[in-house]
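Just so you know, we're using this note's numbering here: the sequence shown kicks off at 104 and counts up by one.
From the three backbone atoms N, C-alpha and C, an ideal C-beta is built for every residue, glycine too.
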Amino acid sequence: MPLLVAIAIWIGVQLNLPGIIIVGMVLAAAFLSLAAVVRAALRDSRYAMQEYQARKDLSSFNPEEDER
104 MPLLVAIAIW IGVQLNLPGI IIVGMVLAAA FLSLAAVVRA ALRDSRYAMQ EYQARKDLSS
164 FNPEEDER
């Protein structure tokens, strides 16, 4: 899809159509912001999973059993 946006901008430049150039730039900005949101969500979910696993490991730890 980003390739299609780049092609649309290129066609707009070649044909000197400012409307197509502006629409292409808006679509490109939307793709970039969507990519940033997805990347942040994946990073947050990875950290949340690591925290969940650490809490689960701590809750199953029983030092009294280790002393025996």
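CB contact flag (residue i, residue j, <7 Å)
{"i": "I112", "j": "I125", "result": "no"}
{"i": "V108", "j": "L137", "result": "no"}
Residue range of the unbroken alpha helix (DSSP H) whose run includes residue i
{"i": "F134", "result": "121 to 163"}
{"i": "L106", "result": "105 to 117"}
Neighbour flag for residue i against chain C, beta carbons, 7 Å
{"i": "Q117", "result": "No chain C appears in this structure, which consists of one protein chain only."}
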